[in-house]
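In this note's numbering, the protein residues as written are 332 to 554.
Working notes, beginning with the structure itself.
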Ligand code: DX5
Ligand code: ZN
């Protein structure tokens with residue numbers, strides 16, 4: 332299985348990096364012990380912010396061996412999925428709210444040989460993913476409203492993380508449970524207690540003076 336590791340996977344979000352030095356920021360985070368690199372793609376339509384697209388993913392791909400965890404905050408997603416796959420993303424996650432056909436989108440991602448993820452906004456119930464578990468390699472709970480880094484963690488989402496933990500366990504499937512937004516050394520204990528297996532953190536890692544120490548502290552459960 333390999334999912335229920337003793338320590339959570341740490342996926343720093345490039346959103347909080349210095350965008351004038353992206354290549355250096357990627358190599359630094361790999362050296363600092365990151366497990367994955369989380370890439371926040373925003374379209375100014377699904378979310379009220381714009382970041383980068385497949386060209387930047389392609390440009391960074393040769394400079395790291397870390398799995399690239401693409402979080403698509405774009406609607407529609409389908410027309411761009413192949414471009415992110417070709418650019419070198421290893422995981423492609425889409426919002427259940429982006430529509431219109433989540434099942435089809437996950438099929439498309441899988442057909443391109445990539446791991447497929449479903450992301451749930453804070454107001455979205457777990458039922459949004461129940462009928463597509465067979466196509467999901469990752470489920471991501473947003474613990475802020477997507478669009479910006481550095482927001483406060485929404486503790487209202489903890490019962491949702493626990494409910495997804497039970498759902499995944501009952502399914503017997505090898506699905507990684509990610510939490511994204513407001514992940515800090517303070518919020519990590521509750522997030523892990525709820526059953527998350529992958530922590531996505533922007534500010535808490537790239538905003539720290541010592542990336543390696545920040546990653547190690549998150550992996551140790553915030554202690
Ligand atoms: C928000 C993004 C997050 C963001 C998290 O829309 O999906 O990945 O980078 O930033 P922090 O960790 O600062 O809350
Ligand atoms: Zn994200």
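The beta-carbon is built from N, C-alpha and C at its ideal position, and this holds for glycine as well.
Treat the numbers as computed from the prediction; the structure is a model and nothing was measured.
- Of 393, 340, 539, the smallest CA-CA separation from residue 347 is found for 539.
- The closest heavy atom of the ligand DX5 lies less than 7 Å from the beta carbon of residue 475.
- Note on the region 347-406: whole beta strand (DSSP E) runs with a minimum of 3 residues are 368-373, 399-404, in chain order.
- In the displayed model, residue 432 falls within coil according to three-state DSSP, outside both helix and strand.
- For residue 343, the enclosing beta strand (DSSP E) begins and ends at 340-343.
- The beta carbon of residue 516 sits no closer than 7 Å to any heavy atom of the ligand DX5.
- In the DSSP assignment, residue 424 is bridged to 402, 448.
- In the three-state reduction of the DSSP assignment, residue 509 falls in the strand class, which pools E and B.
- In the three-state reduction of the DSSP assignment, residue 485 falls in the coil class.
- DSSP places residue 551 in the coil class of the three-state scheme, outside both helix and strand.
- With 16 or more other Cβ atoms from the protein chains shown falling within 10 Å of its own Cβ, residue 402 counts as buried.
- In the three-state reduction of the DSSP assignment, residue 443 falls in the coil class.
- For the ligand ZN, no non-hydrogen atom lies closer than 7 Å to the CB of residue 423.
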